[in-house]
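Here the structure is laid out as C-alpha cells; the discussion comes afterwards.
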Amino acid sequence: MKKNVVYLLLFLFLPELIQAQQKNLVQYVNTLQGTDSHFGLSYGNTYPMTAMPFGMHGWSPQTGPNGEGWKYQYFIDKIRGFQQVHQCSPWTSDYAVYSLMPVLGELKVNQEERATTFSHDNERGMPHYYTVTFNNGVTTEMAPTTRGVHLRFSYPATGDAYLVLDGYTALSEIRIDPEKRQITGWVNNERFVNNKENFRSYFAIQFDKPFEAYGIWENEQDRLFEGQTTGEGKGYGAYLKFKKGSKVQARAASSYISYEQAWRTWERELGKDKNLDQTKARGEKEWNNLLNRIVVEGGTEEQLRTFYSCLFRANLYSRKFYERDENNEPYYYSPYDGNIYAGYMYTDNGFWDTFRSQFPLTNILHPTMQGRYMNALLDAQEQCGWLPSWSQPGETGGMIGNHAISLLTDAWVKGIRTFDPERALKAYAHEAMNKGPWGGANGRAGWKEYWQLGYVPYPGSEGATAQTLEYAYDDFCGYQLARLSGNKFYEEIFARQMYNYRNVYDPVTGFMRGRTIDGSWTEPFDPYVWGGPYCEGNAWHYTWSVFHDIQGLINLMGGDRALTNKIDSIFTIPNVIKPGTYGSVIHEMKEMEIANMGQYAHGNQPIQHTIYMYNYAGEPWKTQYHARQIMERLYNSTERGYPGDEDQGGMSSWYILSALGIYSVCPGTDEYVIGSPVFEKATITLENGNKFVIEAKNNNKENIYIQSATLNGVPLEKNYITYSDIINGGDMKFEMSNEPNLKRGITKEAAPFSLSAPEK
Ligand code: CA
1221 MKKNVVYLLL
1231 FLFLPELIQA
1241 QQKNLVQYVN
1251 TLQGTDSHFG
1261 LSYGNTYPMT
1271 AMPFGMHGWS
1281 PQTGPNGEGW
1291 KYQYFIDKIR
1301 GFQQVHQCSP
1311 WTSDYAVYSL
1321 MPVLGELKVN
1331 QEERATTFSH
1341 DNERGMPHYY
1351 TVTFNNGVTT
1361 EMAPTTRGVH
1371 LRFSYPATGD
1381 AYLVLDGYTA
1391 LSEIRIDPEK
1401 RQITGWVNNE
1411 RFVNNKENFR
1421 SYFAIQFDKP
1431 FEAYGIWENE
1441 QDRLFEGQTT
1451 GEGKGYGAYL
1461 KFKKGSKVQA
1471 RAASSYISYE
1481 QAWRTWEREL
1491 GKDKNLDQTK
1501 ARGEKEWNNL
1511 LNRIVVEGGT
1521 EEQLRTFYSC
1531 LFRANLYSRK
1541 FYERDENNEP
1551 YYYSPYDGNI
1561 YAGYMYTDNG
1571 FWDTFRSQFP
1581 LTNILHPTMQ
1591 GRYMNALLDA
1601 QEQCGWLPSW
1611 SQPGETGGMI
1621 GNHAISLLTD
1631 AWVKGIRTFD
1641 PERALKAYAH
1651 EAMNKGPWGG
1661 ANGRAGWKEY
1671 WQLGYVPYPG
1681 SEGATAQTLE
1691 YAYDDFCGYQ
1701 LARLSGNKFY
1711 EEIFARQMYN
1721 YRNVYDPVTG
1731 FMRGRTIDGS
1741 WTEPFDPYVW
1751 GGPYCEGNAW
1761 HYTWSVFHDI
1771 QGLINLMGGD
1781 RALTNKIDSI
1791 FTIPNVIKPG
1801 TYGSVIHEMK
1811 EMEIANMGQY
1821 AHGNQPIQHT
1831 IYMYNYAGEP
1841 WKTQYHARQI
1851 MERLYNSTER
1861 GYPGDEDQGG
1871 MSSWYILSAL
1881 GIYSVCPGTD
1891 EYVIGSPVFE
1901 KATITLENGN
1911 KFVIEAKNNN
1921 KENIYIQSAT
1931 LNGVPLEKNY
1941 ITYSDIINGG
1951 DMKFEMSNEP
1961 NLKRGITKEA
1971 APFSLSAPEK
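Each residue of the sequence shown is one higher than the one before, counting from 1221 in the numbering used here.
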C-alpha cells in the first residue's frame, strides 16, 4: 500500500519535476549570426559578443583595426585582439575599449603585425563562452560576467608565449605589478559622453601565472619600453611574457567609477572562480534561465537556432550602466554630466530602432528592470537636459522622433508604474517644444513649424514627413500617459497634435508626402524615391507610420479594401531603387533589393509593422501569410542571418514576437496583434511565475493560416490579445490550416486599437 502511495505521488508530481528541469537552450544560440556584413550591405551588422544579459561590458574577437565600427567581419581570416565591447552599431563605433591578444614566437605589438589567421571551423560563439584556436595553435577562451570576463590563453610550446594589451588610441594609463601578477589601467576612448575629461573605463586584471618578462609600449610609434611598469598618455599598452607552453588565465573587471570599484566588482563577479570553467558554468546557467523563459517546441532544428539566437540578441541592450558599491547598492557614473549618482542607469540604445519591438518584448520578460529603467530615463533627462533618444553611452540625438515617451507610456499602460507620470510628461513636453544641440532626435527638428502648421515642411527639414508622422505618434503617447494619469493639461495639449498625420496624407496619390511651408505638395513626387521628406525610406515605406490610428488611415484612404490593396501592392511592385537625396545606394536599399519582396524593406524599421495592419481591415490571413514568409525567407541562424541592421535587439525582437504569433503594432497601448506562430507550442514563463502558453495545432510550413482560436478556452474572434492576458497567465490555442479562414477576424470588433472609428 505504502509503495502504491509513493508511486501515486511520483505519478502526480513527475510532470512537474520534468517541467522544472531546465532545457539546454544556449546550445541553439549562434553569436556569429549576422556577422557577415560590411559598409555596403548588412546581414545584421552584428559582432560575436559574449556577454551576460544587459551586461555592462561584453567581449568580442576583433578583426578590424582599432576604432573601426566593423570590429568583426566574418569574411576576414585574421584576429588582432579580444576586446571589451559596448558598441550598439558599426555606425556609431565603440567606446571604453581595450583588448588582449596572445602572440606566439616573436613579440609583435603592432595590431597589423600581430594579427593571426584562424578558421571558423575552430571557432565557437555562444552567449556565455567564446573560443577560437588560431592556425598557430594558440587557443583563446572567454567567459563573461556582467562587468568583466574570464579569459584563458593556451599556448603551444612551439614558441615564446606573449600577451599584448592594447590601450587603444586615445588617453590611457597602464600599471604592471609583476609581484601581484596584475595589470591595472584605464582607457578613455570616449564616444558621445558629455564630460570627456573625466570619462574613464578603469580595468583590473589578475593573472594566474608569473610573468617571465614585461614592458610598456606606445602604439603611435610602436615604441617598446622593456621592463618598464607604468605608462600614461595617448595609446599606451603593455606586454607580458609567460613560460613557453603555458595555459594562462586572466580575470578582468571594469568600472567607470574608480580602480577601487573595479577591484570590488572583480572580487564579486570573478573572485570565487579561479578556473574559467566555473565562470563559464555560471554564465551558462544564467543564460539558460533566461532562454527558458520562452520554451518553444515543434519547430525544425534551424527554427530553434534562429529563435534562440534572436532571443540572445533581444537581451543584450540596453546595458546596465550601474555598478554595486560596498553595500551592494546600485550607483553609477553619469555619461550625461560626469557625476556619480546613487541608483540605476541604463544606456546604449537607439529608441527609433527599438521602441517598436524590443521594449514591448522586454515589458513581457523583464518588468522589474523596466521599472528601474523608466526612472533612470527621467534621471538621465535631468542630467542631460534632454530625454535620451539614442544613447551610447551619452546622448547622440541620432535618427528622428522623441520615442522615450513611447517607452514610458508603454510601461505605464502595462502596469509598470514606478515613475512619476508628471515628471515624464514635463520632460516630454520640453522635448516636443525645443531643439537640442545634437542630432534630429534630440528635442525636435522643425518643432515650431510642427506646432504652427501641424506638419514639418519640406523643403526645410530633412525627413520632414517622417518627422511629422513620428511626432504625431509620440504625441499620442503623451496624450495617452496624460489621460491615464489624470493630467488634463497635457492631455489637451497632445490631443490636439496626435492627428497631425492627416496633414501629410495626399488623397490624390494615396501617399504620405512632403509638404511645403505654403501648404502645397512637394514636387516632383515619386513614391520610389528615398530620402527628402522621408528618413531612410520612401513613400512606400512611410505611408504606414500611423501606429495609433490605423483606422484613421483607412478612412483617409477610402476604406478597408483601399488599405489592404495598397499593402498587397508593396509586395508586387518592382524592387527598384531610386536613391533620391541619398545620392547613391545605401545599405538599406540594397537589402530591400536582395529580399526581393517588391518595396517591402524589412531591413529597416519604418515598414516593419505594416503586414500586421491587415488585422485592422478584415483580412488577417494576409498578415499570417506575410509574417511566415518574412520569418522563413529573411531570417536564419547563420552569419547572414538578418535582412539588415540588427539594431540593439530591434530586428531580433521582431522575430521573437512574430514567431510567438504576436506583434506590438502600437506601443503605448496594451495590445499585441496576432500573426502566425512558427512553433506548435511556446511556453512563456513570466517574472511573476505565471505561464502563458501559445499552442498551434497542425502547424507546419504549409499550415500557416489560423482556422480558429481560443483564449483560455473561450473562442477568440479578435485579432489581438492584451498584455494582461499574457502576464496573468493562460493559454491561447490555434487550429492551423493551409487554407485561410475568410470568416475569422473580419469585423471591426476584431480590429486592434485605433483612435478613430470607422466611417459610416
Ligand atoms: Ca535600422
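For every residue, glycine included, the Cβ atom is placed at its ideal position computed from N, Cα and C.
Inter-residue Cα distance where the pair is residue i and residue j
i     : j     : result
S1577 : T1629 : 14 Å
P1273 : G1614 : 21 Å
L1673 : L1962 : 43 Å
A1895 : S1313 : Note that residue 1895 is Gly in the sequence shown here, rather than Ala. Their Cα atoms are separated by approximately 35 Å.
T1588 : I1876 : 20 Å
I1425 : Q1253 : 30 Å
P1376 : P1347 : 27 Å
G1757 : K1467 : 52 Å
Q1282 : R1300 : 6 Å
D1865 : D1397 : 43 Å
Q1590 : T1404 : 34 Å
V1352 : N1414 : 37 Å
Counted within 10 angstroms of its Cβ, other Cβ atoms place residue i as buried (16 or more) or exposed
i     : result
S1789 : exposed
N1342 : exposed
E1326 : exposed
Q1603 : buried
G1706 : exposed
N1547 : exposed
P1430 : exposed
V1934 : exposed
K1968 : exposed
F1714 : buried
G1451 : buried
H1370 : buried
Residue i CB to nearest heavy atom of ligand 3 below 7 Å
i     : result
N1758 : Among the ligands in the structure shown, ligand 3 does not appear; only ligand 1 can be found there.
Beta-carbon separation (whole angstroms), residue i vs residue j, contact threshold 8 Å
i     : j     : result
Q1825 : D1573 : 6 Å
L1391 : K1464 : That pair is no contact at about 35 Å.
E1410 : Y1315 : 6 Å
G1683 : P1753 : 7 Å
E1417 : F1462 : About 37 Å separates the two Cβ atoms, so there is no contact after all.
Y1318 : G1387 : 6 Å
W1750 : P1794 : W1750 to P1794, Cβ: 15 Å. No contact.
Helix, strand or coil at residue i [DSSP, three-state]
i     : result
E1915 : strand
S1944 : helix
T2043 : No answer is possible for residue 2043: it lies beyond the span of the chain, which begins at 1221 and ends at 1980.
N1508 : helix
H1258 : strand
Q1481 : helix
I1806 : coil
L1237 : With a pLDDT of only 47 at L1237, under the threshold of 50, the placement of this residue in the model should not be trusted, and no figure is reported.
L1877 : helix
W1486 : helix
S1789 : helix
T1729 : coil
Q1700 : helix
M1589 : helix
G1950 : strand
E1393 : strand
G1451 : strand
R1471 : strand
I1882 : strand
N1583 : helix
Q1612 : coil
Given residue i as reference, the closest of the options once Cα atoms are compared
i     : options                       : result
E1900 : N1720, V1516, Y1556 and K1980 : V1516
E1979 : E1959, Q1771 and N1932        : Q1771
N1720 : E1743, F1696 and Y1710        : F1696
N1355 : W1406, K1298 and T1283        : K1298
W1841 : L1776, N1795 and N1923        : N1923
I1966 : A1433, I1926, K1953 and S1944 : I1926
R1420 : Y1552, G1635, G1861 and I1620 : Y1552
H1807 : G1800, G1823, F1527 and P1794 : G1823
S1884 : N1919, A1971, Y1382 and H1829 : H1829
A1610 : K1400, E1506, G1663 and Q1700 : The question names Ala, but residue 1610 in the sequence shown is Trp. That would be G1663, whose Cα lies nearest to the Cα of W1610.
G1818 : Y1748, R1781, G1870 and D1769 : Y1748
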